[in-house]
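To start, the structure under review is shown below, and the notes come after it.
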Amino acid sequence: EKIADEILSKRPEFVPTKTLKGQILAAKKDYQKARTIFEDLLKGEPESIVYNFMLGSLYYEQNDYENAKSFLSKALEKNPSHARARFMMANIYYRQNDLFLAEDYVKRILNNIPDHYQANLLMGNIELANNEFDRAKSIFEKTIKLDPENPSAFFRLGLAQSAAKKNSAALK
Numbered sequence: 212e213k214i215a216d217e218i219l220s221k222r223p224e225f226v227p228t229k230t231l232k233g234q235i236l237a238a239k240k241d242y243q244k245a246r247t248i249f250e251d252l253l254k255g256e257p258e259s260i261v262y263n264f265m266l267g268s269l270y271y272e273q274n275d276y277e278n279a280k281s282f283l284s285k286a287l288e289k290n291p292s293h294a295r296a297r298f299m300m301a302n303i304y305y306r307q308n309d310l311f312l313a314e315d316y317v318k319r320i321l322n323n324i325p326d327h328y329q330a331n332l333l334m335g336n337i338e339l340a341n342n343e344f345d346r347a348k349s350i351f352e353k354t355i356k357l358d359p360e361n362p363s364a365f366f367r368l369g370l371a372q373s374a375a376k377k378n379s380a381a382l383k
């Protein structure tokens, strides 16, 4: 960060260093300062996938989902296969309980990257929320195979198994 500041003190409009400074600030969770940098950069390149994605990410991290969706959508217009932007959009819709749109975004990721751990985990959560317990169990089992060290899928599998048992008992 010190080197970036030194370069920017001599060349304040040097785009690669401004971009790096924004990324450093984002990593340090100084979202407001990072947003200011990327908003300034976006003025010079309004169609930039990187700047739109970074701004969407920053708003996402601050739970400002409407602004996040706006910028992430612009990044996806330019690069429809941008998996990270698509995953954030899926997560936003999942958090907003729009399971249909969340599922659509996740399916598009999984069509291109079937072993995407996070997308599989989110798809299992969507199936669980839709009371599709058998599908959720199957997805969580796949997710465990993808990353057997991650406890999230084990926990969610347990929830799906428990819900399936309760559902089965209720039907009898």
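Residue numbers (the working numbering): 212 to 383. Cβ coordinates follow ideal geometry from the N, Cα and C atoms, glycine included.
- With fewer than 16 other CB atoms across the displayed protein chains lying within 10 angstroms of its CB, arginine 306 is exposed.
- Judged by DSSP secondary structure, glutamine 243 falls within the alpha helix (DSSP H) whose first and last residues are 242–255.
- Excluding sequence positions up to five before and after isoleucine 320, its CB lies within less than 8 Å of the CB of Ala294, Arg297, Phe298, Ala301, His327, Ala330, all in the same chain and listed in chain order.
- When only Cα atoms are considered, alanine 286 and methionine 334 end up about 22 Å apart.
- Judged by their CB atoms, asparagine 278 and tyrosine 270 are nearer to each other than the 8 Å cut-off.
- Fully enclosed alpha helix (DSSP H) runs of no fewer than 4 residues occupy 276–289 of the segment 267–300, in order along the chain.
- Excluding the 5 residues flanking it on each side, tyrosine 316 has same chain C-beta neighbours closer than 7 Å at Arg297, Met300, Ala301, Tyr304, in chain order.
- For serine 363, the three-state secondary structure derived from DSSP is helix.
- Look at serine 349 here: in three-state DSSP terms it is helix.
- In this structure, phenylalanine 344 keeps its C-beta atom at 8 Å or more from the C-beta atom of alanine 364.
- The shortest CA-to-CA distance from leucine 368 to any of Asp358, Glu314, Ser349, Lys377 is the one to Ser349.
- Within its own chain, the residues whose Cβ lies closer than 6 Å to the Cβ of methionine 265, once the five positions on either side in sequence are excluded, are Phe249, listed in chain order.
- Residue environment for phenylalanine 282: buried (at least 16 other C-beta atoms within 10 angstroms of its C-beta).
- Nearest Cα to aspartate 309 within the set Phe366, Ser292, Tyr276: Tyr276.
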